[in-house]
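Worksheet for the structure shown next.
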Amino acid sequence: MKTITVLPERRELIIPKKKLWAIVKQQKYLFLMMLPALLWAVVFAYTPMVGLYMSFVNYQPTLGGFWHTLFNSEFVGLKWFRYFFDNGDFLIIMRNTLASTLITLFFSFPMPILIALAVNEVKSVKFKKTVQTASYLPYFISWVIAANIIVTLLSSDGAINGVLKLLHLTNESVLFLQHGKYFWWIVAFGNTWKDMGYSSIMYLAAISSINQELYEAAKVDGANRFKQIRYITMPHLKPTIVILLILALGGILNAGFDQHFLLGNDLTREYSDVLSTYSFRYGIQNGMFSYASAVGMFSSVVAFIIVVIVNSFAKKLNGHSLF
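Numbering (UniProt numbering), first residue to last: 1 to 323.
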């Protein structure tokens, strides 16, 4: 005879709705603490978005003031977007932007994870702090200084060519910054070197929150350090990795202005010219403000769409997402 188990009826917890003003009054100090951040976001993040209207007009600065000139400019609709898509620059600019960001992502995304895992395994506190400090320092160096360091290392009589000659890999100096085929890789390694230490902080914070009893139990079961990383550390890092990957993919059209502008030159423009430098050249140097605004808006819209798509995919795949 089969035994039938009757499950208890599921009851939903009904929480009475409170009025917005009552919630604000109850948590007024928390809202006051949020006020500076909200004001900053409104003033510096949302108010400037009104300027996106420039993408749909033929804006030319006059003495009448920015807002008066902007809203009284000739409305041209999608003219500047069509001009960007139809001219011969679009494919080259998109190729350079995507190639530079994807190569950078390939190197710069896993490196902070590896650094965090390696630093976490170091037992000496002094050595750990030394490694962390050394890896963080490049992040706080401006790209002006970092670009000069890279240029010096890659010069004809620099350290890189010296090592290549010492190892008999080349007899003549390689002019890295005069050949476009090297440019994407130079930027990728520069970005990785500059940001990997600072980016590892988030992974180290996630590792520090893991319950140490899990590692003790794994040791009792005979798990070595590699198995502990594989079965304990990495699963706990997975939500952080997914969220940061979504954000990184969202910036896939933001190749970075500073590094491309400072390391690029006329000889490598075919490879160094990306969306940010392209809009700067046309907007600031050539005075085509509406065209530059349209290029920037295109980049932002595509980035937003990519974030939404990747976030939905990540949520369906493993349940971890940004929103």
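For glycine and all other residues, C-beta sits at the position ideal for the given N, C-alpha and C.
Source: prediction; values computed, not measured.
In summary, F85 is exposed, with fewer than 16 beta-carbon neighbours lying within 10 Å of its beta-carbon over all protein chains present. The residues S73, E74, V76 and S290, in chain order, have a CB closer than 7 Å to that of N58 in the same chain once the five nearest residues on each side in sequence are set aside. Around the beta carbon of K194, 16 or more other beta carbons lie within 10 angstroms, which makes this residue buried.
Shortest Cα-Cα distance from F189 to any of W40, L263 and Q285 involves L263.
Taking one beta carbon from each stretch, the segment 241-253 and the segment 127-136 have fewer than 3 pairs nearer than 8 Å; the two do not touch.
Between L98 and T233 a beta carbon distance of about 32 Å is seen, past the 8 Å cut, so the two are scored as non-contacting. Per the coordinates, the alpha-carbon of D157 lies some 12 Å from the alpha-carbon of L166. Burial is judged here by how many other beta carbons sit within 10 angstroms of a residue's own beta carbon; A45 has fewer than 16 and is exposed. The continuous alpha helix (DSSP H) containing Y215 extends over residues Q212 to V220. Here L52 is near S293, since their CB atoms are less than 8 Å apart.
Exclusion of the five residues before and after T170 leaves L164 as the residues of its chain whose Cβ lies within less than 6 Å of its Cβ. Within the segment 83-171, complete alpha helix (DSSP H) segments of at least 4 residues are found at 89-108, 110-121, 125-136, 143-154 and 159-166, given in chain order. Counting along the chain, D195 sits inside the alpha helix (DSSP H) bounded by residues F183 to S208. For the pair G162 and I149, the Cα-to-Cα distance works out to about 15 Å.
Beta-bridge analysis with DSSP links N58 to E74. A146 and E172 have their C-alpha atoms roughly 25 Å apart. Rounded to the nearest angstrom, the gap between the Cα atoms of F298 and F81 is 8 Å.
In the three-state reduction of the DSSP assignment, G65 falls in the coil class.
Here A134 is exposed. Its C-beta has fewer than 16 other C-beta atoms within 10 Å.
With contacts defined as CB atoms closer than 8 Å, G65 and I115 fail to qualify as a contacting pair. The closest CA to that of W143, considering only N191, S272 and P235, is found on N191.
Pairing Y271 with D89 gives a Cβ-Cβ distance that is not under 8 Å. Note on geometry: alpha-carbon atoms of Q212 and S321 lie some 26 Å from one another. For the 8 Å CB-CB criterion, I252 and I306 form a contact.
By the neighbour-count definition (other C-beta atoms within 10 Å, threshold 16), L275 is a buried residue. The DSSP-derived three-state label of Q285 is helix. Going by DSSP, A41 is part of the alpha helix (DSSP H) stretching over K28 to A41. Residue range L275 to F280 is occupied by the alpha helix (DSSP H) that includes S276. For D258, the three-state secondary structure derived from DSSP is helix. In the three-state DSSP reduction, A223 falls in the coil class, being neither helix nor strand.
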